[in-house]
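What follows is a short report on a single structure.
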């Protein structure tokens, strides 16, 4: 209510006979002026605050020492979320040396040069653990080669799959032969780090060096190949030699166990087969589920083994081309739960048998007869399972491998040197 409205109302009250209130026009005018001044003061104060705030923002923007606050996102735009990390980070690349040195590297294959056990080869791999990243790579592999027991080493990437059944031998000094016995491929690995795939041809070649003969994947079982390391060529002999225990240079016709496609474990029969001028002959020697040929039998002799219980081995031998067979039973304690890889004869005629479960073990039997006795047992159990387990001979040397261990004997399987260092 302004001043004029107050005076008009007072006049009307007097005219109506009502006792008017005491009105001091000067006080009323003063009150009005004070009210107006307060409004002006509040407006001025608000304007001053706005100016100060704007000045502060301008000064803050111009001062490099003062960080600028992030602007609030516009209501019309959706903020972008941070990328989700991979579920299990895995390196995009690894050098062969990094693979071998990795604490989680898996040892899959081991080998030595029998005449120089400090010359060694090992195969390693590193794989991602589940859950793996959505994109590869998911694993890396490497070879580690040495001539001084891994005091120094040469590293390279393998040109083959490391998770298959790889058998490794030494066909020549300074050279390893890797045989993928399951898929029929071979590679030559030089100590200088060279790796060459071996070409397979179907021709007959008879090398003079017995180290150049090796068992390779045949049409239904292992057959025989001869290696030419200069040209990296494997000469596979004709189909007649598939599954033969006899080597083509032995002077014998092919012979073996369990003709195509039968197996003792499936048929419950150990069958011998041998080729003659009149064709292939087959004879059932025993009703068992465990048995096979004796590898390394001397020329002119066919020999197969069978196991009926865990305490003896039966040997069936023919020395007259299959016309007659003799059975000899030899005691062999502690074999009840053992699974054999091979029964083999050393060049001296000594028999030896190996098992890899639950650890690598070897039994020896004299050529003249008598019981088999254990001559080697792997010293440790906490070693990984590796491929390429088996028995080999090279001259007077015998060596066995399995579960990341190679053992070498230089005295006809009586004593053994253990090798377990692979990087």
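In the numbering used here, the protein residues as written are 4 to 426.
C-beta atoms are modelled at their ideal positions from N, C-alpha and C, and glycine is treated no differently.
Note that the structure is a prediction, hence the values are computed from the model and not measured.
#1: State the DSSP-derived secondary structure class of residue 252, mapped to helix, strand or coil.
#2: With DSSP as the reference, label residue 108 as helix, strand or coil.
#3: Could you round the C-beta distance between residue 336 and residue 303 to whole angstroms and report it? I think they count as a contact, below 8 angstroms.
#4: How would you call residue 417, buried or exposed, if buried means at least 16 neighbouring beta carbons within 10 angstroms?
#5: In the DSSP assignment, the beta strand (DSSP E) including residue 260 goes from what residue to what residue?
#6: Among the residues of its own chain, which have a CB less than 6 angstroms from the CB of residue 346, if the five just before and after it don't count?
#7: Suppose contacts are defined by Cβ-Cβ distances below 8 angstroms. Is residue 182 in contact with residue 205 by that definition?
#8: Using C-beta distances below 7 angstroms, list every residue in its chain close to residue 242, excluding the 5 sequence neighbours before and after it, in chain order.
#9: If the criterion is Cβ atoms closer than 8 angstroms, does the pair residue 112 and residue 103 meet it?
#10: What did DSSP end up calling residue 199 once you bin it into helix, strand or coil?
#11: Measure from the alpha carbon of residue 301 to the alpha carbon of each residue in 351, 98, 172, 419, then state which is nearest.
#12: Using the C-alpha atoms, what's the distance from residue 281 back to residue 123?
#13: Quick check on this structure: which residue in 147, 109, 116 has the alpha carbon closest to the alpha carbon of residue 130?
#14: Is there a C-beta anywhere in chain D that falls below 8 angstroms from the one on residue 158?
#15: Go ahead and pull the three-state DSSP assignment for residue 103.
#16: Going by the DSSP bridge assignment, what does residue 422 pair with across the sheet?
#17: By alpha-carbon positions, which one of 170, 402, 228 ends up nearest to residue 251?
Let's see:
#1: helix
#2: coil
#3: Not quite, the Cβ-Cβ distance comes to about 31 angstroms (not below 8 angstroms), so this is no contact.
#4: exposed
#5: Residues 258 to 260.
#6: 297, 308, 356
#7: no
#8: Scanning its chain for C-beta atoms nearer than 7 angstroms, with the 5 sequence neighbours on each side dropped, one finds around residue 242 the residues 222, in chain order.
#9: no
#10: In this structure, residue 199 counts as strand in the three-state DSSP scheme.
#11: 351
#12: 47 angstroms
#13: 109
#14: Here there is only one protein chain, and chain D is not present.
#15: helix
#16: 409
#17: Ranking the options by Cα distance to residue 251, first place goes to 228.
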